[in-house]
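Structure, as structure tokens:
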Amino acid sequence: MGNAGSTGSPAVRTTRWERVTALPLTVLSLVFLAAYAAPILDPQLGAGWRRACQLTTLAIWLLFWLDIGVRFVQQPDRRRFVREHLFDLAVLLLPVLRPLRALRLVTVVLTLSRRTEIWVRGRLGVYVAATTLLLVVVAALAVLDAERYAPDSSITSYGDALWWAAVTITTVGYGDFYPVTTEGRFVAVGLMIGGIGLIGFVTGSLATWIVDRVSGRGQQPVATAEDIAALRREIAALRQRLESPDGTPTEDAAARPVPPPRTTPPS
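The numbers in the working numbering rise by one with no breaks, and the one at position 259 of the sequence shown is 269.
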């Protein structure tokens with residue numbers, strides 16, 4: 011009865027759902043990214059292909075809604091779920107407005123980033139590199155979509171957009187390329203926040219690693235002294251058994267101290 015109840019708990023159901031949908035959502039995110047990028051990278055793309063890309067992104071976006079809806083239904087405390095996922099819900103809701111449709115890419119970034127974090131757990135460099143590359147590629151697409159046909163825009167090709175995204179995420183900002191539209195500036199702000207967040211993440215992880223290393227070295231002499239003391243007790247017990255004819259410890263052997271380990275003087 012206990013096992014049956016535990017397997018049907020909301021936490022278990024949610025974990026099972028996330029495990030089952032992890033790979034499909036990752037594939038859908040990549041398809042979404044390709045469908046979003048195709049009309050931007052190829053301005054001469056035919057009307058039929060453009061329509062197909064629009065329908066594909068819309069269908070996948072609705073599937074993202076379905077995913078968060080299923081997880082919402084599985085929660086015993088749904089208000090808490092909404093509070094904890096306000097950003098996800100806003101990202102899914104706001105792209106209904108045409109000027110904010112680039113926010114759909116944020117859903118793709120969040121999904122791929124979470125999957126990458128799970129798959130490369132323990133490999134900080136791989137995770138940071140993958141997340142940085144993803145942010146640069148996505149931000150370049152979004153800013154090019156917003157800036158290409160804007161008056162006085164300096165970002166008119168994907169190469170320009172990639173260069174702008176690279177210098178922006180590293181907080182360098184040479185100023186040779188910059189967005190002039192409101193949508194493009196929103197992309198710039200998001201990319202700057204992402205770059206600062208990555209720098210903070212790397213700094214915090216390195217600080218934690220250094221603290222762990224230092225504390226581990228401090229505990230090593232204590233552990234070594236305890237090991238030596240335990241070994242000396244075992245040697246004393248063996249000596250007692252060897253010196254006793256019937257295998258029981260003798261009083262002389264028990265009272266005899268165990269000599270300390272020899273140390274080699276430094277040369």
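By construction, the Cβ of each residue, glycine as well, lies at the ideal position given by its N, Cα and C atoms.
For residue i, collect the residues of the same chain with a Cβ closer than 8 Å to its Cβ; drop the 5 residues on either side in sequence, then sort them by chain order.
i: Val106; result: For Val106, the predicted model reports a pLDDT of 48, less than 50, meaning its position is unreliable and no value from the coordinates is stated.
i: Thr178; result: Ala149, Ala198, Leu201, Met202, Gly205
i: Ala156; result: Ala112, Pro189, Thr191, Glu193, Gly194, Val197
i: Ala176; result: Val146
i: Asp77; result: Thr31, Leu35
i: Pro53; result: Arg158
With a threshold of 16 other CB atoms inside 10 Å of the CB of residue i, please say whether the residue is buried or exposed.
i: Phe42; result: buried
i: Val37; result: exposed
i: Thr234; result: exposed
i: Thr141; result: buried
i: Ala318; result: Any property of residue 318 remains undetermined from this structure, which presents the chain solely from 11 to 277.
i: Ile245; result: exposed
i: Leu72; result: exposed
i: Leu154; result: buried
i: Ala57; result: exposed
Apart from the five residues just before and just after residue i, which ones in its own chain have a Cβ nearer than 7 Å to its Cβ?
i: Pro109; result: Here Pro109 scores only 45 on pLDDT, less than 50, and its place in the model should not be relied on; the value that follows carries that caveat. Within the same chain, Pro109 has close Cβ partners Glu193.
i: Gly187; result: First, the residue type needs correcting, since residue 187 is Phe and not Gly in the sequence shown. Result list for Phe187: Ser164, Ile165, Asp170, Trp173, Trp174, in chain order.
i: Pro49; result: Leu55, Arg60, Cys63
i: Leu51; result: Tyr168
i: Ser39; result: Val118, Thr121, Leu122
i: Phe82; result: Arg88, Phe91
i: Arg23; result: Gln84
i: Ile70; result: Leu38, Val41, Phe42
i: Gly185; result: none
i: Asp162; result: Val190
Keeping to the same chain, check which residues put their C-beta closer than 6 Å to that of residue i; ignore five residues upstream and five downstream.
i: Thr288; result: There is simply no residue 288 to check, as the chain begins at 11 and stops at 277 in what is shown.
i: Arg158; result: Thr166
i: Asp237; result: none
In terms of alpha-carbon separation, which member of the options lies closest to residue i?
i: Ile209; options: Ile50, Val138, Leu103, Ser39; result: Val138
i: Leu144; options: Pro161, Leu122, Asp162; result: Leu122
i: Gln84; options: Trp27, Thr213, Ala47; result: Trp27
i: Trp75; options: Val92, Ser19, Leu103; result: Leu103
i: Ser19; options: Leu73, Ala47, Pro86, Arg90; result: Pro86
i: Thr180; options: Leu68, Gly207, Asp162, Asp237; result: Gly207
i: Ala21; options: Leu72, Val80, Leu33; result: Val80
Kindly say whether residue i, judged by its beta-carbon, lies nearer than 9 Å to any beta-carbon of chain B.
i: Ala152; result: The structure shown contains no chain B; it is built from a single protein chain.
What I want to know is whether the C-beta of residue i ends up closer than 8 Å to one or more non-hydrogen atoms of the ligand SAM.
i: Ile245; result: By its list of ligands, the structure shown contains no ligand whatsoever, and the ligand SAM lies outside what it can speak to.
- What alpha helix (DSSP H) runs, 4 residues minimum, are completely inside the region 147-211? 168-179
- Query: Which ranges would you report for the alpha helix (DSSP H) in the region 52-104 if only whole runs of at least 4 residues count?
  - Reply: 57-83, 88-94, 96-103
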